[in-house]
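Down below is the structure, laid out as structure tokens.
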Amino acid sequence: MPILLAFQSFLAAIGAAVLGLCATTGSLAIFTGASVMHVFRPPWYPAEIGRQLLRIGYFSLPVVGLTAFFTGAALALQIYTGGARFNAEAVVPSIVAIGMVRELGPVLGGLMVAGRVSASIAAELGTMRVTEQIDALTTLSTNPYKYLVAPRLMAATLAMPVLAFVGDIIGIMGGYVVGTARLGFNPGAYINNTWNFLTFEDISSGLVKAAVFGFIIALMGCYQGYHSGRGAQGVGRATTNAVVSASILILASNYILNEMFFAS
Amino acid sequence: MTGVTDIPRIEMRGVKKAFGSKRVLEGVDLTVAKGESLVIIGGSGTGKSVSIKTIIGLIEPDEGDILIDGKSILGARGSSRDALLSRFGMLFQGGALFDSMPVWRNISFRLLQGRNRLSADDARDLAIEKLRRCGLGPETADLFPAELSGGMQKRVGLARAIAAEPEIMFFDEPTAGLDPIMATVINQLIRQVVSEMGATAITITHDMRSVVEIADQVAMIHQGCVQWHGPVSDVENSGEPHMDQFIHGREDGPIEAVR
Ligand SMILES: Nc1ncnc2c1ncn2[C@@H]1O[C@H](COP(=O)(O)OP(=O)(O)O)[C@@H](O)[C@H]1O
Ligand SMILES: [Mg+2]
């Protein structure tokens, strides 16, 4: 009965995949709970938090800035082309601003930082796991959740909104440069149009999203690194998994957050 | 046979541990008295490192119990576990130095944490003193672990393990990768730590010279169990075939050469 056997192994494969997914979800939930708890409980390690702020925030500025600039510039061209079909080229400044601030600034910035930071956190913690440095921390009376995970979570959650805000400004500048140099907008009118249409809620919703993305970025880096498999291969897999899972979670949570802002 | 002194400092009772389907420890029973130096020998991959990690609590055993001063420590959480950990010092087989910080911060890591932490200057001085005891000069203090040779990393790891002068110390292959002279320095250091500081130590080694220079008691682990346990004076004529084969490094005997 080869067909029956094949069907059985097919079912077994599905079962194994489902069980694996449940186990991962469970262990991620436990990890998240423990990490967040340690964020709020002393002792804290201010020097570590500072180091991570520098590394996650400051050193991501070039990546986020360049991403935002070119996105804003490209957006201006596209909206001009699209707007021309309705004789509505004048919407370029306001739509570039709203698009950058509400959506593209946080999401593209988040994805770029995910590639940079999730990967490096996962590689670092994974190497520490494989070389027993995480075990060594424990034997030196230091809780790895407090010393390694909590500072990274705090730093990323704080740094990401700032990065997104900088990205918003640079993205709008990108649109401004293309709008004035290429599309013939009057500089003063472009800036006026940008300001007059942006609301506080546009900006704040984008920054809240960025904070959530920052949390996801650090969480996935830490989770994958902390549970890294053995050897160089294990660290490599942890790094890939961190970037992929952070990116997908950013896009998924972006939709959910948009729904929430939309409903309110 | 009553009184406090008869309670062993460390006791493993029927400890079992498997990783997936791979059974590593199959009922390890081991006792170490206070102020005693136990050396664990055994083929590579027999679970020596796993044994001491179960004592420290880095690996949770599947079955059995671990007792320190007669009290089970398996359920210890929170502050009681912190109190316990502050009594332990451990040298890892691979050194496990923190590569994000210089050598001196590695050594005084524990002393730079907590309420009674040392100032950076004091911690640095203390680190240099510990380095000297491990046969390393003060110029090593400002290097990063990646700049050290394997043997130097081992000695920095040792300096870190003894820095806070813990009561119970674990040394996983302290002399592996060291030249014979350095090995003697390290063996004497471990012996000193036990004799002078009154610490209790468990050392894992493959080096028979280390066994002779460090041990009060010797235990041999084979196939997940303690095959032989006795005073170091009995090692040469234990009358136990596994022991005989191991200490003389013979290829033929009850221990298979291919594992
Ligand atoms: N965290 C782990 N996960 C899976 N297997 C492990 C782990 N730690 C050790 N092992 C396995 O347990 C066995 C004993 O390891 P170990 O105690 O390190 O040996 P040794 O006696 O040489 O110190 C080895 O086969 C090793 O592969
Ligand atoms: Mg070992």
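Taken in sequence, the protein lines are chains A and B.
The first sequence begins at 521 in the working numbering and counts up one residue at a time.
The second sequence begins at 10 in the working numbering and counts up one residue at a time.
Note that beta-carbon positions come from the ideal geometry of N, C-alpha and C, so glycine has one too.
So residue i and residue j are in contact, right, with Cβ under 8 Å, and what is the actual spacing, rounded?
i, j, result
"P681(A)", "L727(A)", "4 Å"
"R672(A)", "G629(A)", "R672(A) to G629(A), Cβ: 18 Å. No contact."
"A168(B)", "C143(B)", "5 Å"
"E652(A)", "G103(B)", "6 Å"
"G592(A)", "G691(A)", "4 Å"
"V763(A)", "A634(A)", "6 Å"
"T149(B)", "F180(B)", "At roughly 20 Å, the Cβ-Cβ gap does not stay under 8 Å, so T149(B) and F180(B) are not in contact."
"H251(B)", "M229(B)", "6 Å"
"L76(B)", "P154(B)", "With a Cβ gap of about 35 Å, L76(B) and P154(B) do not count as contacting."
"F590(A)", "G687(A)", "Not quite, the Cβ-Cβ distance comes to about 11 Å (not below 8 Å), so this is no contact."
"A42(B)", "P70(B)", "So it is not a contact: roughly 22 Å between Cβ atoms."
"L586(A)", "V616(A)", "Their Cβ separation, rounded to whole angstroms, is 17 Å, which puts L586(A) and V616(A) out of contact at 8 Å."
"V669(A)", "H558(A)", "7 Å"
Let me check one thing: in DSSP terms, what residues is residue i bridge-paired to?
i, result
"L47(B)", "I211(B), Q226(B)"
"V24(B)", "V37(B)"
"E72(B)", "K25(B)"
"I19(B)", "V41(B), I77(B)"
"H238(B)", "A228(B)"
"K57(B)", "Partner(s): none; K57(B) has no beta bridge."
"G98(B)", "M178(B)"
"K31(B)", "F28(B)"
If you count every other CB in all the chains shown that lies within 10 Å of the CB of residue i, and 16 or more means buried, which is it?
i, result
"W113(B)", "buried"
"M780(A)", "exposed"
"G570(A)", "exposed"
"S88(B)", "exposed"
"H257(B)", "exposed"
"I264(B)", "buried"
"T601(A)", "exposed"
"K342(B)", "Here chain B has residues from 10 to 268 only, and residue 342(B) is not among them."
"K139(B)", "buried"
"V244(B)", "buried"
"L121(B)", "buried"
"E5(B)", "Residue 5(B) lies beyond the stretch modelled for chain B, which goes from 10 to 268, so this question has no answer here."
"N706(A)", "exposed"
"L683(A)", "buried"
"Y578(A)", "exposed"
"A701(A)", "exposed"
"Q197(B)", "exposed"
"G646(A)", "buried"
"F720(A)", "exposed"
"L739(A)", "buried"
"F606(A)", "exposed"
"E205(B)", "exposed"
"I654(A)", "buried"
"G553(A)", "exposed"
"F735(A)", "buried"
"N246(B)", "exposed"
"A526(A)", "exposed"
In chain order, what residues of the same chain lie with their CB nearer than 8 Å to the CB of residue i, ignoring the 5 residues before and after it?
i, result
"T11(B)", "Residue placement at T11(B) is poorly supported in this model, since its pLDDT is 47, which falls under 50; the coordinates still yield a value, given next. Counting only Cβ-Cβ distances below 8 Å, and skipping sequence neighbours, we find nothing."
"V241(B)", "V48, V220, V221, A224, D225, Q226, V227"
"S60(B)", "M21, V24, L34, V37, L39, I49, I230"
"A129(B)", "L121"
"V269(B)", "Since the displayed chain B opens at 10 and closes at 268, residue 269(B) lies outside it and no answer follows."
Within a Cβ cutoff of 6 Å, which residues of the same chain sit near residue i, ignoring the five residues on either side of it in sequence?
i, result
"I576(A)", "V637, A675, A676, A679"
"E176(B)", "R96, A208"
"N761(A)", "Q744"
"P613(A)", "Y710, N713, T714"
"A132(B)", "S117, L120, L121"
Keeping to the same chain, check which residues put their C-beta closer than 7 Å to that of residue i; ignore five residues upstream and five downstream.
i, result
"L597(A)", "V698"
"N774(A)", "V627, K729"
"W715(A)", "none"
"F733(A)", "P626, G630, M680, I770"
"E568(A)", "Y667, P671"
"I65(B)", "F97, M99, F179"
"G725(A)", "The sequence shown places Ser at residue 725(A), rather than the Gly named in the question. Excluding positions up to five away in sequence, the list reads R622, F781."
"A85(B)", "L93"
"D38(B)", "M21, R22, G23, V235"
"L657(A)", "P664, Y667"
"R32(B)", "G233"
"D134(B)", "none"
For ligand 3, I want to know if residue i counts as a neighbour, meaning its beta carbon is within less than 8 Å of at least one of the ligand's heavy atoms.
i, result
"I230(B)", "Among the ligands modelled here, namely ligand 1 and ligand 2, ligand 3 does not occur."
*asked:* Can you tell me which residues fall inside 5 Å of ligand 1, judged by beta-carbon distance to its nearest heavy atom, and keep chain order?
replied: F28(B), V33(B), S53(B), G54(B), T55(B), G56(B), K57(B), S58(B), V59(B)
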